[in-house]
Every structure is written in C-alpha cells, then in structure tokens.
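Engineer:
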Amino acid sequence: MKQPIVYWFRLDLRLDDLPGLQAAIDSGMPVLPVFVLDDDTAGAWSTGGASRWWLHHSLASLQAELEALGAQLLLRRGAASEVLPAVARECNAAAVYCSRMHEPWSPAMEAELHDTLEAEGIAFKRFPGSLLFEPERVSTGGGTPFKVFTPFWKACLALGEPAAPLQRPARLDIPDSVPRGLSLADLELRPRNPDWAAHWIDLWQPGSRGASDAVSRFLAGPVADYDEGRNHPAREATSRLSPHMHFGEISPRQVWHLAQAACGADPSLAKQRDKFLSELGWREFSHHLLHHFPEIVEQPFREGFANFPWLGNEDMLSAWQRGMTGYPLVDAGMRELWQTGYMHNRVRMVTASFLTKHLLVHWRRGEAWFRDTLVDADLANNVCGWQWVAGSGADAAPYFRIFNPTVQGQRYDEDGDYIRRWVPELAGLPTRHLHDPSAAPAEVLAAAGVEIGTDYPAPIVDHREAREAALAAYASIK
DNA sequence: TGAAATGTTGGGGCG
DNA sequence: ACGCCCCAACATTTC
C-alpha cells in the first residue's frame, strides 16, 4: 500500500495554482488534505472573530470542491506542531506538504514540526505560492531588504512576469483509510448568542468561486477608473478581493494574469491595471517586511517612535470603535466595519489617522480592533498599514500628514452617499452640512430632525486643537 | 496615499 | 487715469 502525503492547508484555501498540492499529486502517492484550527501557536494573534466567520465559509467551500474530486478535508484543532505529526502517524504518511507562511511564529513552529516529523522518517516540505515574489529573491544592491516601497516594487517587476498559474488538479488519489476528524460545526467558527454575522452571507461569497467572481466583476468595469474611483467609498470601485486574498482562495499570480489578460491592449487601461497591480505590490511589501522584521508586529519600525507619548484614553478608543466620534466619515467607516466586517481603504486611512493622531491612541489598539473585526484581517497588511498611518512604519506617511476627516468627507464622499448609508441619523441633512453637522445652522438641524448631543454626538475632539496636540507630540520625539 | 499657513498675482471696485 | 484695497485663485512652504 502506498504511503500518503498529508497536504496541510493553511492560508491557501484553494485547489487552483497550489504548488505544494500539485507536488503531492505529482508524487503519485495518495493525498490526505488536512486543515488544523490552531489557536495555540499564534497566541494573542490567533484568528479574530470576523475572520473566523469567513474561515468557516471558506472551509465549507473548500470541502465542497474536494468532495467533487472524491476527497474529504480532514479537520482537527490544536497546535499544528502536535496535530500534524499525530495525523501523519495515524495514516502512515510519507510526508507533510504545505505552503510557506511568513507570520512571526511560523519559523519556530515549522522548525519544531520539521524536527518531529523527520525524527519519525516523515518528510516535511514547504512550497511557495502565497506571494508573487519569494522574500529571498528581492533585495537591494547591498543585499539588505528594501525599506521603501517604490524601489522594492521596481526590483520585483525587474524579476520578470510571475509564472503562469498551475492548472487546477483534475483528480486526487485518496488514501484507502482516512483518520477521523472533526466536523466543520465542531470548530465553532461562527458567532452565536448573538449571531452578529447572520446577514453577512448576503454580502460576501467566501471561497474560490467568490474570489474569481470578484476579480471578474472588477476587471469587467471598475478597473477602468481605478485610480480615481478607488478613493470614493460610496462607489463600487474597488476589487474587494482582500478577504479572498488573505485566505488564499485565489493566488496573487492568478490575479496578476487575469488582470494582464483583461487589460492587455488598451494603453489607458494598462495604466489603471498597473495601479491595481501595485496594490498587490503593497501586499508583497508588507509580507516581505514581516518576513525580514518580525518584531514589527509589536515594535515601531522606526526606533524614534519607541518613546511616543500615546495617551491611551479608553473612552476615546470606545467612541472610535462604536462610530460615535462626531466626525461623520470616521463614524461611517467604523460602523461599516462593525456591521459588515469590512471598511473601504480610503476610510481605513482616515479612521486610523483619527485614532492615532486626533485621539493619540496607540496604533496597536487600532490594529487589534481591526484584526478582530475585519473579515480580511491579515497580520502583515494590518500591522504595516497601521504603522504606515502612525508614521512609525517603513516608508510611512510623514508624521505631520494629518487627515482632516471633514475635508476628506467633502472630497471623497462628495454626495454624502456613504455617510448617509452608515450614519442614517444624519441622512436628512443637506450635503453641504453633512460633513460637519455640529456647525450647521440650528434651523437646518431642526429641519433634518437632528439634535447634536442627542441624535448624534458633538465632535469628541476639536480638529484644530487635536491637530496641534498631535504635532506637539510628534515634535517631542524628534 | 495632506492640510494649513504663507506668499504671489491679477481683476475689479472705488475714491 | 491712477493708486489703493480687497479677495479669489493659485503657488509655495511649513508642519
């Protein structure tokens, strides 16, 4: 009887373009697909609430795809470094294959896994596939990692076009006997009491089918005006691919090649496409940074920020989390996040700037909130994004770049559609007063049925004063 | 992938 | 006719 290979699914929940799975199939041995819900290894960084909802549905989708190939996804929970050797023993496996990941805890965990398996004569192999360019391939002339995005991405592109995606496997040999696992329900990934995500299935389609649908929708329209459209949160102008990418339901090189195919000939479209692909570049940059500098998940990348005088006012943090700051665009974003597990990127920048600069709350508090509430919570993107906004990151926004949340609303939600949708108590205000309700004339507020302080909060900080205080705080660490 | 403060210019009202 | 002021509009610098 042939010994099987265990394929360990991690954040690569797809069958298409998966080098490790392909290698397992090519070996000619039966393949046992396994997923391990590991809340132990990641510790404080284990999967957040909103992401767990997504994970549940993504696993359900993967299960269905595997079943169509006659295979079953074995589900277990526990520390991967213990669970995988146990599974390998139970099925007398010859090897465990998986995709590389770059979280700070992965090297130690994988080293332990490697040692345990090899001691029992079981091979352990990791494969690329989650990034366009492996971290080892990209470095400066001096051999050090890039710390600035533009030269980083230039160096990536100079490596040439990523290889074409692998074909989806047509068949999968399964072992004669398969160890027992948990049911998906046993993993208890969905919220209960209350099920705050009950309506999310109408908003999202987790799984590789939903991922390719999202790419198709984007490339059939919004990409043509991406450069401008992506800044306006009320427009359906972004790809909304982030949760699909985080869980690996589609590979970055699939996205790359689909974008090339859709935009090839037209030069103006090519420019928009390159703008979109550079967003994949920021994803690469974040993941490479996490690979080379794992300490960035808790330490400021720029050392001067170690002494930044954060205030950490819990009431301010709470107002921000609940979308009750009195700044309509900020509140709209925070409520979109809470209600849908997602926030438009422009608004992420504004809300993050508001927390760190207007409220002087530590970026780690905001990072933790986003990580728990976003369906696309990705450690690398989230940490690097927050450090970028706070000014402490690699190639970060300069510290004096403080968004004016009112002006941002006027500029990018010019018709007020986004604010009216997420802050309905302000919906009756005319657009010219919507972005700054507390400054509206009394009769306008009365006509719209808005009483500031009752129906909608007064601004929790004064913009001018908060800006001055932030500048003073940053000046103190220079 | 800023915003605010400050500087410059030029048209138009006005005495 | 001319100088003066005001103030958009735009440009530059500063944070």
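Numbering (the working numbering), first residue to last: 1 to 478. Where a beta carbon is used, it is the ideal one built from N, C-alpha and C, also for glycine. Quick caveat: nothing in here was measured; it's all calculated off a predicted structure.
Out of Leu277, Met245, His246, point me to the one whose CA is closest to Gln260's CA.
Structural biologist: One-based indexing of the first sequence puts residue 260 at position 260. When only C-alpha atoms are compared, the closest one is Leu277.
Engineer: Buried or exposed: Ala170, going by 16 or more other Cβ atoms within 10 Å of its Cβ?
Structural biologist: Reading the first sequence from its first residue, position 170 is the one you call residue 170. Answer is exposed; the Cβ neighbour count stays below 16.
Engineer: Whole angstroms is fine: what's the gap from Ser183's alpha carbon to Leu84's?
Structural biologist: Locating residue 183 in the first sequence gives position 183, counting from the first residue. Locating residue 84 in the first sequence gives position 84, counting from the first residue. Distance between the alpha carbons of Ser183 and Leu84: 17 Å.
Engineer: Which whole runs of the alpha helix (DSSP H) in the segment 37-88 are 4 residues long or more, in chain order?
Structural biologist: 49-68
Engineer: If you draw a straight line from the C-alpha of Leu355 to the C-alpha of Thr373, how long is it?
Structural biologist: Translated into the one-based positions of the first sequence, residue 355 becomes position 355. Translated into the one-based positions of the first sequence, residue 373 becomes position 373. C-alpha separation (whole angstroms): 16 Å.
Engineer: Give a yes or no on contact between the segment 225-239 and the segment 32-39, applying the rule of three or more CB pairs nearer than 8 Å.
Structural biologist: no
Engineer: Suppose the cutoff is 6 Å on Cβ atoms and the five residues either side in sequence are ignored; what does the same chain contact list for His358 look like?
Structural biologist: Counted from its first residue, the first sequence places residue 358 at position 358. Around His358: Val461, Ala466.
Engineer: Does the distance from the C-beta atom of Val350 to that of Pro300 stay below 8 Å?
Structural biologist: Taking the first sequence and counting its residues from 1, one reaches residue 350 at position 350. Taking the first sequence and counting its residues from 1, one reaches residue 300 at position 300. Contact: no.
Engineer: Are Asp16 and Gly129 closer than 8 Å when you measure CB to CB?
Structural biologist: Here residue 16 refers to the residue found at position 16 of the first sequence. Here residue 129 refers to the residue found at position 129 of the first sequence. Result no, Cβ atoms of Asp16 and Gly129 do not sit closer than 8 Å.
Engineer: Give the C-beta separation of Cys91 and Val178 to the nearest angstrom, bearing in mind that I take them to be a contact with Cβ-Cβ under 8 Å.
Structural biologist: Position 91 of the first sequence, counted from the first residue, corresponds to residue 91. Position 178 of the first sequence, counted from the first residue, corresponds to residue 178. That belief holds up - the Cβ atoms of Cys91 and Val178 are roughly 7 Å apart, short of 8 Å.
Engineer: Taking only three categories from DSSP, how would you classify Ser268?
Structural biologist: Here residue 268 corresponds to residue number 268 of the first sequence, with the count starting at 1. Annotated three-state conformation of Ser268 is helix, per DSSP.
Engineer: When burial is assigned at 16 or more other CB atoms within 10 Å of the CB, is Val383 buried or exposed?
Structural biologist: Position 383 of the first sequence, counting from 1, holds the residue named residue 383. Buried, because 16 or more other Cβ atoms sit within 10 Å of the Cβ of Val383.
Engineer: Quick check: the segment 383-398 against the segment 71-83, are there 3 or more CB pairs under 8 Å?
Structural biologist: Flag = no, the segment 383-398 and the segment 71-83 do not touch.
Engineer: Per DSSP, what are the beta-bridge partners of Leu32 in this structure?
Structural biologist: Here residue 32 corresponds to residue number 32 of the first sequence, with the count starting at 1. Leu32 is bridged to Val6.
Engineer: Where DSSP assigns a beta bridge to Arg235, which residues make up the other side?
Structural biologist: What you label residue 235 is simply residue 235 of the first sequence in a count that begins at 1. None, per the DSSP bridge assignment.
Engineer: Quick check on DSSP: helix, strand or coil for Lys125?
Structural biologist: To locate residue 125, count along the first sequence from 1; it is residue 125. Three-state DSSP puts Lys125 in a strand.
Engineer: So, at 8 Å on beta carbons, what are the nonlocal neighbours of Leu113 in its own chain, with the 5 sequence-adjacent residues on each side left out?
Structural biologist: To locate residue 113, count along the first sequence from 1; it is residue 113. Once the five neighbours on either side are set aside, the close Cβ partners of Leu113 are Ala80, Ser81, Leu84, Pro85, Val96, Phe124.
Engineer: Exposed or buried, Asp202, counting other C-beta atoms within 10 Å across all chains shown (16 or more means buried)?
Structural biologist: Your numbering for residue 202 matches position 202 in the first sequence. Exposed: under 16 other Cβ atoms inside 10 Å.
Engineer: Considering only residues of the same chain and omitting the five flanking positions on each side of His244, which have a CB-CB separation below 7 Å?
Structural biologist: Translated into positions along the first sequence, residue 244 becomes position 244. Answer for His244: Gly210, Ala211, Ala214, Ile250, listed in chain order.
Engineer: Apart from the five residues on each side of it in sequence, which residues of its chain come closer than 7 Å, Cβ to Cβ, to Ala458?
Structural biologist: What you label residue 458 is simply residue 458 of the first sequence in a count that begins at 1. Gly326, Ser438, Ile452.
Engineer: What does the Cβ neighbour count give for Arg137, buried or exposed, with the cut at 16 atoms within 10 Å?
Structural biologist: Locating residue 137 in the first sequence gives position 137, counting from the first residue. That one is exposed.
Engineer: Between which residues of its own chain and Asp173 is the CB-CB distance below 7 Å, once the five residues before and five after are set aside?
Structural biologist: Position 173 of the first sequence holds residue 173. Within the same chain, Asp173 has close Cβ partners Pro30, Val31.
Engineer: Near Pro175, which residues of its chain fall below 6 Å by C-beta distance, leaving aside the five closest residues on each side in sequence?
Structural biologist: Start at 1 with the first residue of the first sequence, and residue 175 comes out as number 175. Counting only Cβ-Cβ distances below 6 Å, and skipping sequence neighbours, we find Pro4, Pro30, Leu32, Cys91.
Engineer: From what residue to what residue does the alpha helix (DSSP H) around Tyr418 run?
Structural biologist: Walking along the first sequence from the start, residue 418 turns up at place 418. 417-422 is the span of the alpha helix (DSSP H), which, as asked, contains Tyr418.
Engineer: Nearest-angstrom Cα distance between Leu311 and Leu360?
Structural biologist: Along the first sequence, read from residue 1 onward, the residue named residue 311 stands at position 311. Along the first sequence, read from residue 1 onward, the residue named residue 360 stands at position 360. Distance between the alpha carbons of Leu311 and Leu360: 6 Å.
Engineer: Inspect the beta-carbon positions of Ala380 and His287 and report whether they are closer than 8 Å.
Structural biologist: What you label residue 380 is simply residue 380 of the first sequence in a count that begins at 1. What you label residue 287 is simply residue 287 of the first sequence in a count that begins at 1. A contact, by the Cβ cut-off of 8 Å.
Engineer: Express the C-alpha separation of Trp386 and Lys480 in angstroms, rounding to a whole number.
Structural biologist: Within the shown structure, residues of the chain are numbered from 1 to 478, placing residue 480 beyond reach of any answer.
Engineer: Examine the Cβ distances between the segment 411-425 and the segment 330-347 and report whether three or more of them are shorter than 8 Å.
Structural biologist: yes
Engineer: Relative to the alpha-carbon of Arg77, which residue among Glu67, Thr116, Trp54, Arg10 has its alpha-carbon at the smallest distance?
Structural biologist: Locating residue 77 in the first sequence gives position 77, counting from the first residue. The candidate whose alpha carbon is nearest that of Arg77 is Arg10.
Engineer: Look at the Cβ atom of Asp38, then the Cβ atom of His246, and state whether they are nearer than 8 Å.
Structural biologist: Taking the first sequence and counting its residues from 1, the one referred to as residue 38 is at position 38. Taking the first sequence and counting its residues from 1, the one referred to as residue 246 is at position 246. Taking 8 Å as the Cβ cut-off, Asp38 and His246 do not qualify as a contacting pair.
Engineer: Could you pull out every residue in the same chain whose Cβ sits closer than 7 Å to the Cβ of Ala448, ignoring the five residues on either side in sequence?
Structural biologist: For the purposes of this step, residue 448 is taken as the residue at position 448 of the first sequence. By the criterion of a C-beta distance shorter than 7 Å, Ala448 is surrounded in its chain by Gly428, Leu429, once the five residues flanking it on both sides are discounted.
Engineer: If you drop the 5 nearest sequence neighbours on each side, which residues of the same chain put their C-beta closer than 8 Å to that of Thr41?
Structural biologist: Within the first sequence, the letter at position 41 stands for residue 41. So the qualifying residues of the chain are Ala79, Ala80, Ser81, Trp105, Met109.
Engineer: Quick check on the burial criterion: 16 or more other C-beta atoms within 10 angstroms. Buried or exposed for Glu65?
Structural biologist: As a working mapping, residue 65 is identified with position 65 in the first sequence. Glu65 is classed as buried because its beta carbon has at least 16 other beta carbons within 10 Å across all chains shown.
Engineer: So, is Ala446 buried or exposed, given that buried needs 16 or more other C-beta atoms within 10 angstroms?
Structural biologist: Position 446 of the first sequence, counted from the start, is the residue given in the question as residue 446. With fewer than 16 other Cβ atoms within 10 Å, it is exposed.
Engineer: List, from N- to C-terminal side, the alpha helix (DSSP H) runs of 4 residues or more that fit wholly inside the segment 333-403.
Structural biologist: If we require 4 residues or more, the alpha helix (DSSP H) runs fully inside the segment 333-403 come out as 345-353, 363-373, 379-390.
Engineer: Could you name the residues of the same chain whose beta carbon sits closer than 6 Å to that of Arg346, not counting the 5 residues immediately before and after it, in chain order?
Structural biologist: Translated into positions along the first sequence, residue 346 becomes position 346. Result list for Arg346: Asn231, Pro233, Tyr412, in chain order.
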